[in-house]
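Peer 1: Per my numbering, the very first residue in the sequence shown carries number 184; after that it's consecutive. Glycine included, C-beta positions come from ideal geometry on N, C-alpha and C. One structure follows; several queries about it will come next.
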Amino acid sequence: MSKMIHLDCDGVIADWRLYMETHHFKEFTVAQFNAMDPCRRSTILQEVYRKDKDLFAKLPTIPKIGRLIYHLNRTGEPWGILTSAGEDHPDYNHAAECKKQWLFNRFSIPRQNIIVTESSSQKAQYADPDSLLIDDFGRNCREWQAAGGKAIWVHTGAPDVDAIIDAVDDFIHDRAMFTESLISV
184 MSKMIHLDCD GVIADWRLYM ETHHFKEFTV AQFNAMDPCR RSTILQEVYR
234 KDKDLFAKLP TIPKIGRLIY HLNRTGEPWG ILTSAGEDHP DYNHAAECKK
284 QWLFNRFSIP RQNIIVTESS SQKAQYADPD SLLIDDFGRN CREWQAAGGK
334 AIWVHTGAPD VDAIIDAVDD FIHDRAMFTE SLISV
């Protein structure tokens, strides 16, 4: 079986956090938002997504992440995007379309290489022993690992591109870094 590399979008490629802090979270930071009651967070996100329907088409790119995409293309290994529209988004199809168009416009990633789930918890269904998830959300990485895959947990909005490239190469070549199925870079 060949290896498959899955790359999350928001927080890894697209800077959702910066966009939200700049355009929507005027009274609080993302950290304060994340500390809120889950029902309140959901209500706030639903309101934001209703007001800013095309939010996912407007996100800024994470600096230097193009180097990772260039590297993935050069490896010859199959890879793609595995992202979520977010269970709080009122229009899954529109959110998915915005994400696919954004990824194509910025990095020429073909639509057939992009999977958009309705919620991030659905990502784990794509895990297997020869798959790697690169994600900024710890729960996604842990669920991926529990489902049998390997994961790289990266820093939201500021992934260490060089460390990710090294870890991807270790995954591809079965090197020592991946004796553990979950690493943080």
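Taking the continuous alpha helix (DSSP H) assigned at residue 299, which residues delimit it?
Peer 2: First-last for residue 299: 297-300, but that is the beta strand (DSSP E), not the alpha helix (DSSP H).
Peer 1: By how many angstroms is the C-alpha of residue 210 removed from the C-alpha of residue 297?
Peer 2: The alpha-carbon atoms of residue 297 and residue 210 are separated by roughly 34 Å.
Peer 1: Which partner residues does residue 266 have in the DSSP bridge list?
Peer 2: Paired residue(s): 299.
Peer 1: How is the beta strand (DSSP E) around residue 314 delimited, first residue to last?
Peer 2: Per DSSP, residue 314 belongs to the beta strand (DSSP E) from 314-318.
Peer 1: Quick check on the DSSP output: the alpha helix (DSSP H) that includes residue 245 runs from which residue to which?
Peer 2: Here residue 245 belongs to no alpha helix (DSSP H), and DSSP marks it neither H nor E.
Peer 1: Could you tell me the distance, in whole angstroms, from the CA atom of residue 340 to the CA atom of residue 346?
Peer 2: Going by the C-alpha atoms only, they are around 15 Å apart.
Peer 1: Among 332, 328, 302, 304, which has the Cα closest to the Cα of residue 313?
Peer 2: Nearest of 332, 328, 302, 304 to residue 313, Cα basis: 332.
Peer 1: Can you give me the C-alpha to C-alpha distance between residue 281 and residue 352, rounded to a whole angstrom?
Peer 2: If you take the alpha carbons of residue 281 and residue 352, they lie about 30 Å apart.
Peer 1: Express the C-alpha separation of residue 264 and residue 254 in angstroms, rounding to a whole number.
Peer 2: Distance between the alpha carbons of residue 254 and residue 264: 15 Å.
Peer 1: Spatial neighbours of residue 321 within its chain, please: CB distance less than 6 Å, with the 5 preceding and 5 following residues excluded, ordered by chain position.
Peer 2: Cβ neighbours of residue 321 beyond the five flanking positions: 336.
Peer 1: For the putative contact between residue 230 and residue 268, defined by C-beta atoms under 8 Å, what is the C-beta separation to the nearest angstrom?
Peer 2: Not really, about 16 Å apart at Cβ, beyond 8 Å.
Peer 1: Of the residues 272, 316, 261, 232, which one's Cα is nearest the Cα of residue 295?
Peer 2: Among 272, 316, 261, 232, the Cα nearest to that of residue 295 belongs to 261.
Peer 1: If we ignore side chains and look at the alpha-carbon of each, how far apart do residue 311 and residue 318 end up?
Peer 2: So the two alpha carbons sit approximately 16 Å from each other.
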